[in-house]
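Working notes, structure below.
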Amino acid sequence: MKQKMFADAALAVGTGQGAATKTTISAKFAKFRELGLLAVIVLICIGVQIRNPSFLTWENINDIAANTAILSILSVGMMLVIITRGIDLSIGATLALSGMIAALTVKAHPGLHPLAALLLGFAVGLACGIVIGFLVAKVGILPIIATLGMMNVFRGLTYEASGGKWVSAHQMPDSFKQIATGSLLGINNLIVIAVVIYAVAYYFVSHTRTGRQVYAVGSNPESAEISGIKTKRILWLVYTIMGGLTGLAGVLWVSKFASAQGDTASGYELSVIAACVLGGVSIAGGSGKISGIILGAVLLGILNNALPMINVSPFWQNWIQGMIILAAVVFNALVKRGIDRNNLMRRKI
Amino acid sequence: MEPRVLTSKKPLTLKGFFLQWEWMLVLLFIAVIVMNVNLSDYFWDYNNLRDATMSFLDKAFIVLPMVFIIILADIDISVGSIVALSSVIMADLYAHGVPMELALIVCLAVGTLCGYINGLLIVKFKELSSVIVTLSTMIIYRGIAYILLKDQSVGKFPKWFNYLGWGYVGSIPFILIAFAVFAVLFGILLHKTTFGRKVYAIGSNPTASRYSGVQVDRIKIIVFTLAGLMSAVTALFLTSRMGSTRPNIATGYELDVIAMVVLGGISTAGGKGRMIGAILAVFLIGYLRYGLGLINISAQTLLIVIGLLLIFAVSVPKLKWKGTGAKGKAV
Amino acid sequence: GGNNKEAGASGGGSPSASAGQPSDAGGKKRLAIIFKNTGNPYGEKQMEGFKKAVEENGDEAILKAPDQPTAEAQIQMIEELISQKVDAIAIAANDPDALQPALQKAMNAGIKVISLDSAVNAQSRITHVNQADPERIGRTLIQGVSEMIGGEGEIAILSATSQATNQNTWIEWMKKELEDPKYANIKLVKVAYGDDLRDKSVSETEALLKSYPNLKAIIAPTTVGIAAAGKVLTDKGLKDKVKLTGLGLPSEMAEYIESGVCPWMYLWNPIDVGYLAGYTAEALVKGEITGAVGEKFTAGTLGEKEIVADGDGTQVMLGDPFKFDSGNIAEWKEVY
Amino acid sequence: MAEYVLELKGITKTFPGVKALDNVYFKLRPGEIHALMGENGAGKSTFIKVITGVHAPDEGEIYLNGEKVEFKSPNDAKKAGIAAIYQHVTCYPDLSVTENIFMGHEKVSKLTKRILWNDMHAEAERLLRELGATFSPKTQMGALSVAEQQIVEIAKALSMDAKIIIMDEPTAALSRNESEELYRIAERLRDRGASIIFISHRFEDMYRLASMVTVFRDSKYIGTWRVDEISNPDLIVAMVGREITQLFPKKEAKIGEELLRVEGLGRTGYFADVSFSLRRGEILGLTGLVGAGRTEVCQALFGVTGYDKGKIYFKGREWKVKSPLEAMKRGIGYLPEDRQKQGLVLQWSIGRNITLPSLEKYARRGLLRTASEAQTAKHLAEKVSVKAGSIFDLVSSLSGGNQQKVVFAKLLTADLDVLILDEPTKGVDVGAKSAIYEIISELACSGYGIIMVSSEMPEIIGMCDRVAVMREGRITAMLDRKDITQEAILQASMAGEPAPAEIR
Ligand SMILES: Nc1ncnc2c1ncn2[C@@H]1O[C@H](COP(=O)(O)OP(=O)(O)OP(=O)(O)O)[C@@H](O)[C@H]1O
Ligand SMILES: Nc1ncnc2c1ncn2[C@@H]1O[C@H](COP(=O)(O)OP(=O)(O)OP(=O)(O)O)[C@@H](O)[C@H]1O
Ligand SMILES: [Mg+2]
Ligand SMILES: [Mg+2]
């Protein structure tokens, strides 16, 4: 009797193997997506390099990395938000508010340790994130509306806090400005901070339970609830992280440009969302990889750096960026269809 | 089967009638008016109120189709860019000697086409969601406007064109009449036609609608196309009011419009809300801004007030619902 | 119907037009200024100067600025001011043409309209208060740069948005000045646009430095651009290799002028711009002038000013741009 | 140790419009496998969700090892050692199999709280092999078939090392082999001392595994028996509450001309080679195990999804179906399987739902004429005897059976010839059920051709003129009325595998 069953099991293994090989194909497809993005980046780099040999110099690469650092820090938070099927339109305003408050503080107390300024900005951002998280998770307002409303509020508060003034370079102590210009082992601090955040974020999303629960909540909120995940708490957490990272980015921004203004980073949220979408984070929730958003942010960073370098008319830059984003998401959708088709084909009937 | 008799008379309960969101808007509206009258001596003046209306009504044309879009549980953030693109193309054509009447029609056509493209992309790539599609077309459409006009502004339109944004019929602004006509048309379309009914159906349950023979894709395309068309209408009025155009006009209109629609009680979750609410919200925000503008309040305070108003407006029904709704955990 | 028809199409500023409107608030006139956007210290200073001038005349000043630098928002503010029946509007325009219908409506309602800093077209105003002659700005900047680099080498311009009118006029004049044979060895390699955004201005500057390794100087006729460029040059330690000049806020640029990245730069005093606008508006309201060429009036501490021609309109000139260098920056950086 | 590991007393649970549980009792001994049976909609799944803390009961008490407990969240239940396999697969399609198995109780290192991926993959691999599955634990969940997903769900419950394991219809989507594997595992778990609550509609499962059986009917507790002490007919009476024959008021309809003929229909990944024909007045049953592909065939006929092979002839003419609208215009109607998701707009009133498919009929040039709309809605709602006060009542306030009647009424608005009814009595209480059978029977008599998809044997046997049995996407048998027996259907739905007798 048992033998009979083993024979059947063997039969099943036959079909199962088919499944296994097909799965690797779909896995390849998924990897292919990131490889595709990488290929696009490489192609752009080669093209630009031919037009302008100073593109792929160590210095320029360092510049691109430093300029992309803030964008990519924000993308980490935005990725988490989008994974839970949300969106955060308020980050430009949050960034401005936390940057402004940090700048006003160092202006008033030039002796303040730069780390304290960083922490302060972080705390302000965190507070903003907590408010939004509360509105989304507890009150149940849809993310797009909650963040739209709070965007206005935070922006207004920034103007209110600064009294219409800017905090400019000479009002900031050198120690503060060095947050962004200083370097560690020859690598710009911004890049170091971004890399650390990436490492922590990677660890968080793939090696901690809470990190995985973020994916679970986005992938299937109902089952997450059933399997005992505290969905609301996860949502709240995600917006709080987004806020905290934005606060941090606000200080870095102000330090990098040595200027805090009321309209700092206005509209920047769209670039961040674009970086995530380019990096393959699905707006439908549940999926998104750190490696993807690094590539997405880098692609945007390279475009920002390269288009001026090859003398693309500034009037064309908008259009080119828009087309690249659209092409990337459409490509993404088509690849996903391919994977699904593939999954279907492997079913035996 | 035992026969059962059902009533087909609409039950008219007083409580149900007054528990509608729109009453809250009416109350808010009255509050704003009372506040404004107290704040400024210049507010309660026919000419002033009339001319203030003219200055905030331009984007209200987009509010009308946006109500449909949000009832469909979609969103369109490219409308501001469509305004810019259609306006720029119209002005550019006129500057190149095309008669204004023709340029005007082209303007409408361009807007319609942009909206159609949005709809088509959204329907063909369901994975993408309307946020992403219109986010990219937003950048693209404005990008085209920049490519066409570069840094120039184009203007010097014929005199009659000024009439659109600044003219009066009797003593009523032309733009107000135009808006009223469109509002009635869109109101009828939403509430009195099969089309509107289907829009609500799709917003509430797209699957069930499809199974009931509703052509979901077609309706979505039509709605987005209408949004494009109305953006072009806004472009006409806005261009007329500015007497000239350039690629950066109407920046940020999408967020203003969405905020008005949401304040009007139309839920971004889809399927809920009425045209009258959005129209009330247009005037509510319009007069609120105007009244606070009359006492020359700072721009930042205004931002905070409007942001908080939006949050407040969407939280109130949630909180109420929590108090009275079913207790069981929905899974 | 309404007041715009009664006032007639000519409206252009005959003193009698103001007789038609109620002069409430006990004879105290109200004069308004609209700046481009809020949260801009340069604008705050202009409004401050305007307020000072108006109050010196015993009148009331209304200060307004939208949260976004758009013409649409300014049109709404103009409407609000027309409703309030102010006596004069001074505007730093976000668009030279797009305010025309709104401003004409204001003028038809008997309001004296002037522009300051960033002009509106001649049909939309009675006169314009010019912070400095665009020709002088353009030429001075080239002369300055030539001096910095010893009359030889590649230079580039970092402008604001590609559609900013005043920037574009200055750039035109710079190009004209460069046609002079004495600048034969100076080559303008590129005009870049930083859109008055910090991040964009930084990447544009970096792109300039990389694309043109022999670059000798950057001219940035915009306050955001010049500060961003100053930051980049400082961070990259290019102080001695690439010179920077342009138009900048002393408070923002103090750091770079003191360090020598930017040996000197120019700007006018925005307080004075606002102050002059205040006096010009007062003179119009009081009927001392009508905005015609050749008229003169006294502008408080600035002394006597004359209305001169400007294309098909008229303007009042503040004077030459002021030069900020290491000698005077310390005292100015605290002012604005 | 208490006599019962788990005891529930007087549990009542009400959903808006539905009383899902009404004063229900349940006792579970250590080391026993206890079957829970009852018709669709009897409240079994809801009961399970009360035990696992997903739903808070309105009334009643839960005792665990003799101590009163209150589960505020699924986590509390999980911590108390209760694991559940839910009826409707609750997976995370974007995540890997391993993660799906361990979500909520990941293996983490004690010190750093780091997830031990290698351990988890290895453990998942072991569990899957134990269940006879062959796919890799690193596969993405969404890429698996429903049966495979069900196996993952089982692995998930096993991985928790629970004292009480609840399985809600775990075998519904499994083949006989996989079911056997499951029995073996269930027995092993029992031998280790775990208690199991087992829900199934298959009597075979119950006889093979359970020692006790509890029956619910119409949300009420009926009784608990030892499996070897209750006879099959008694059990059925307990479940159904009356003689089955009463339930099916089948009238003989006049069988007319052929309406629909399907030849070699196929859709990659879902079904292949489906051929049958349908005549006027005929009720054609379509049955098989869950996931056999019946719904997919119906949806292809109705134009919801496409098909890539084969032909459809409608009234003798070949015709490519492209959309539901087109299908309805031609005369094919579909009553979907999931009435809440596919059939109704829950936020809407009864009347609006009924008229949605035929709005154009009550409109002149696009403008709706509400009076005539209301008239039709009223007429149809009365025709299917919806229990409600007015046509303006919200459908969400109706009970499942009445909601289903509203979906029926929707079908009657259009001029149709063929009705495809997908699980028309799923989750409908007994009373409403017979009303629905009556409706179906009358429809057949009035000349409709009806395809009725159902997983319920009695229903198929009682109502159909012919039955097509599907297995894994293919039709394996076409039985005429005289040949329709439980054995024949079972044989066909599980053909190709050893018959039950051989295994025993
Ligand atoms: N979340 C819910 N909201 C409203 N009604 C519900 C909900 N869950 C279940 N019901 C209703 O409760 C009743 C009992 O459903 P339940 O799923 O418990 O039945 P069941 O015995 O498991 O049936 P089946 O054998 O079909 O699985 C049904 O009428 C169902 O429609
Ligand atoms: N969401 C899905 N993901 C993966 N496979 C699916 C999905 N839905 C259906 N399938 C597969 O498609 C095939 C047909 O499913 P279908 O729902 O048509 O079956 P059915 O016989 O109608 O079952 P049911 O009784 O559940 O309605 C099955 O092999 C099933 O495994
Ligand atoms: Mg169940
Ligand atoms: Mg089915």
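Chains as they are written, first to last, in my numbering: chain Z, 15 to 363; chain R, 93 to 423; chain H, 489 to 824; chain D, 81 to 584.
Heads up, the beta-carbon is just placed ideally off N, CA and C, and yes, glycines get one too.
Distance between residue j and residue i (C-alpha atoms, nearest Å)
| i | j | result |
| --- | --- | --- |
| K410 (chain R) | I324 (chain Z) | 53 Å |
| K191 (chain Z) | I659 (chain H) | 32 Å |
| D348 (chain R) | L721 (chain H) | 40 Å |
| S273 (chain Z) | N528 (chain H) | 12 Å |
| A110 (chain Z) | T526 (chain H) | 14 Å |
| S86 (chain Z) | Q244 (chain R) | 34 Å |
| G480 (chain D) | E503 (chain D) | 13 Å |
| G163 (chain Z) | A151 (chain Z) | 15 Å |
| S299 (chain D) | I163 (chain R) | 37 Å |
| S534 (chain D) | E119 (chain D) | 13 Å |
| I500 (chain D) | G413 (chain D) | 6 Å |
| E544 (chain H) | V761 (chain H) | 15 Å |
| I84 (chain Z) | G261 (chain Z) | 11 Å |
| D821 (chain H) | E740 (chain H) | One point to set straight first is that residue 821 (chain H) is Lys, not Asp, in the sequence displayed. Distance between the alpha carbons of K821 (chain H) and E740 (chain H): 8 Å. |
| D512 (chain H) | Y134 (chain R) | With a pLDDT of 48 at D512 (chain H), under the threshold of 50, the modelled position of that residue is not reliable, and no figure is offered here. |
| V214 (chain Z) | G293 (chain Z) | 19 Å |
| W752 (chain H) | N816 (chain H) | 10 Å |
| G259 (chain R) | I122 (chain R) | 28 Å |
Residue i versus the options, residue with shortest Cα-Cα distance
| i | options | result |
| --- | --- | --- |
| L426 (chain D) | D:L415, D:L478 and D:I412 | D:L478 |
| F106 (chain D) | D:E398, D:V98, D:K99 and D:G123 | D:G123 |
| S311 (chain D) | D:I335, D:K334, D:A333 and D:F283 | D:F283 |
| P404 (chain D) | D:G423, D:E398 and D:A164 | D:G423 |
| K517 (chain H) | H:M662, H:G775 and H:E743 | H:G775 |
Boundaries of the alpha helix (DSSP H) in which residue i is found, first to last residue
| i | result |
| --- | --- |
| Q665 (chain H) | Checking the displayed sequence, the identity of residue 665 (chain H) turns out to be Glu instead of Gln. Run containing E665 (chain H): T653 to L666, per the alpha helix (DSSP H) assignment. |
| V291 (chain Z) | Y282 to L292 |
| R627 (chain H) | P622 to I637 |
Run of the beta strand (DSSP E) containing residue i, from where it starts to where it stops
| i | result |
| --- | --- |
| M247 (chain D) | I244 to D248 |
| Y754 (chain H) | W752 to L755 |
| I302 (chain D) | K300 to R306 |
| E343 (chain D) | E338 to R347 |
| Y105 (chain D) | V98 to L108 |
| S355 (chain D) | F351 to R359 |
| F812 (chain H) | F810 to D813 |
CB-CB length for residue i against residue j, believed under 8 Å
| i | j | result |
| --- | --- | --- |
| Y754 (chain H) | L735 (chain H) | 6 Å |
| I146 (chain Z) | S104 (chain Z) | 6 Å |
| E642 (chain H) | N702 (chain H) | 5 Å |
**Asked** Below 8 Å, can you find three or more Cβ-Cβ pairs linking the region 659-672 of chain H to the region 684-703 of chain H?
**Response** Short answer: they don't touch.
### Query
At a cut of 8 Å, does the region 236-246 of chain D reach the region 262-277 of chain D through at least three beta carbon pairs?
Because the criterion of three Cβ pairs below 8 Å is met, the region 236-246 of chain D and the region 262-277 of chain D touch.
Pairs of beta-carbons, one from the region 320-333 of chain R and one from the region 457-464 of chain D, closer than 8 Å: are there three or more? Touching, no.
query: Taking three-plus beta-carbon pairs below 8 Å as touching, is the region 359-378 of chain R in contact with the region 204-212 of chain R?
result: Inter-segment contact for the region 359-378 of chain R and the region 204-212 of chain R is absent: fewer than three beta-carbon pairs are separated by less than 8 Å.
Review point. Quick check: the region 215-225 of chain R against the region 311-331 of chain Z, are there 3 or more CB pairs under 8 Å?
Key: They do not touch, by the three-pair rule.
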